[in-house]
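What follows is a set of notes on a single structure, which appears directly below.
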Amino acid sequence: MKKLATVITAAALTAAIPFGLPACGNEGVAEDTRLMAVEATAVGTLDTCDYFVAAEPAATTRANATGLNFVGDLQELYGSENGYPQAVIVAKNELISDNATFVQSFIDEVIANEAWLETASAQTVIDALASHLPEGATPTFNANNLTSQVISNCGIHFVYAHEDKDRVTNFLAEMSAVDSSSVGTVSDRFFNDEDWTISGASQEISVYAPDGAPALALAKLMSEENQFSQTSVTYNIVAANAIQGYVTGEAPAADICILPLNAASKLVGSGETYTMLGTVTNGNLYILSRDDEQIIKDNIAELLTGKTVGVIQLANVPGLTLKIILSKYGIPYDTIG
């Protein structure tokens, strides 16, 4: 009888192995990388998670608070020379047709912003962004989390829409492959080709950006309160989860707006109301761990397979990007929790 019980127990354990015992939750497969949605405040506090994925500046904030190490750069793991397009800037078609001179001058300042960020003091940048938030809002960036390294990690670099069309459409296709509901269809007319008739008219322009890394793309303009000939510009930073409200409805408030790429594809990808001027951020996602072994292309499968990864905004760009990268390296994954 004792022998029979031993055999039954061994058989039960053997049968359980294919289904795995995930570190977070009770679902998943042992060989899968298990992905779990977490809040920013949970990063570094959940002992059941082996790694965490966070965007800047949350990555630095949580690393400083918990002692986590930066061990992986999703931009490098993705493999493209310029990373992946994460946020784009769009403008109303009527603005481009009525005031192309302003639009080109505005883009020139956005391009100049990249070099300005390399020399501006952290406090100058913080003040520029904070002064354009709604009254009473808490800034994402502060003296504790904004450094030259964090700015560099945010991937601020402008690429014209017509030059970035292939990279953008390819990344949208990759996001669609992991979650078809996460993106919309973009038309050719969505990508501005700069075939403008130079024109200028006196206008009042409203510019909007979501709080966080994308807002850095306009830091110089906000710091200097850039105005342009015959054009008055108002700069606004709003909560990231509210930005879509400024490009939708019968009379969208934003003349120019920065949007996450997947949101842009769903909200304005038809090109009927807005046109993409260019890409402004090129990835700001990082892997954090209590260990310090770096995750690179050669060892990512070895280190992540079978592990549990807590992801801030698993259902949005951070989670979609991680899933794309796992798929690139043939790493099966499952969502738990």
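Those letters in the sequence shown? Residues -23 to -1, 1 to 314, per mature numbering (1 follows the signal peptide of the UniProt record, and there is no 0), in order. We treat Cβ as the ideally placed atom computed from N, Cα and C, and that holds for glycine. Just so we're clear, the structure is a prediction, and the values are computed from it rather than from any experiment.
What do you reckon, are the CB atoms on residue i and residue j nearer than 8 Å?
i, j, result
"Thr225", "Ala64", "no"
"Ala241", "Glu33", "no"
"Asp188", "Leu262", "no"
"residue 332", "Thr252", "The question about residue 332 has no answer here: the residues shown for the chain are numbered -23 through 314."
"Ser247", "Ser164", "yes"
"Val30", "Pro295", "yes"
"His134", "Phe168", "no"
"Gly255", "Tyr137", "yes"
"Ala17", "Ala35", "yes"
"Ile289", "Val155", "no"
Excluding the five sequence neighbours on either side, which residues of its own chain have a C-beta within less than 6 Å of the C-beta of residue i, listed in chain order?
i, result
"Pro309", "Asp9"
"Glu86", "Leu198, Asn203"
"Asp232", "Lys69, Leu72, Ile182, Ser183"
Using the C-alpha atoms, what's the distance from residue j back to residue i?
i, j, result
"Arg267", "Ala186", "33 Å"
"Asp269", "Ala77", "50 Å"
"Asn213", "Thr282", "42 Å"
"Ile182", "Asn70", "13 Å"
"Gly307", "Ala278", "8 Å"
"Leu291", "Tyr28", "13 Å"
"Ser209", "Gln180", "6 Å"
"Ser57", "Ala194", "21 Å"
"Thr37", "Asp75", "42 Å"
"Leu303", "Leu72", "41 Å"
"residue 315", "Asn119", "Missing from the structure shown is residue 315; the chain here goes from -23 to 314 and no further."
"Tyr55", "Gln126", "20 Å"
"Thr101", "Ile128", "13 Å"
"Leu297", "Ser157", "11 Å"
"Asn293", "Ile220", "14 Å"
"Phe79", "Asp170", "16 Å"
My guess is that residue i and residue j are in contact by the Cβ rule of under 8 Å, so how many angstroms apart are they, rounded?
i, j, result
"Lys243", "Trp93", "Their Cβ separation, rounded to whole angstroms, is 32 Å, which puts Lys243 and Trp93 out of contact at 8 Å."
"Gln52", "Gly260", "4 Å"
"Phe205", "Ser82", "5 Å"
I'd like the list of long-range same chain contacts for residue i, defined as Cβ closer than 8 Å, with 5 residues on each side in sequence excluded.
i, result
"Ala40", "Gly21, Asn46, Phe47, Leu265"
Once you ignore the five residues that flank residue i on each side, which residues in its own chain have a CB closer than 7 Å to its CB?
i, result
"Asp50", "Tyr263"
"Asp141", "Pro62, Gly255, Thr256"
**Message:** To test your reading of the DSSP string, which unbroken alpha helix (DSSP H) runs of 4 or more residues are found completely within the region 15 to 56?
**Reply:** 35 to 43, 51 to 55
**Sequence ranges, alpha helix (DSSP H) only - wholly within the region 56 to 124, length at least 4** = 70 to 75, 77 to 96, 99 to 107
**Request:** Only counting runs of 3 or more residues, tell me where the beta strand (DSSP E) segments fall wholly within the region 169 to 216, in order along the chain.
**Result:** 180 to 187, 208 to 215
**Message:** Suppose only complete runs of 4+ residues qualify. What are the alpha helix (DSSP H) ranges in the region 231 to 287, listed by chain order?
**Reply:** The DSSP assignment places complete alpha helix (DSSP H) segments of no fewer than 4 residues inside the region 231 to 287 at 238 to 245, 277 to 281, in order along the chain.
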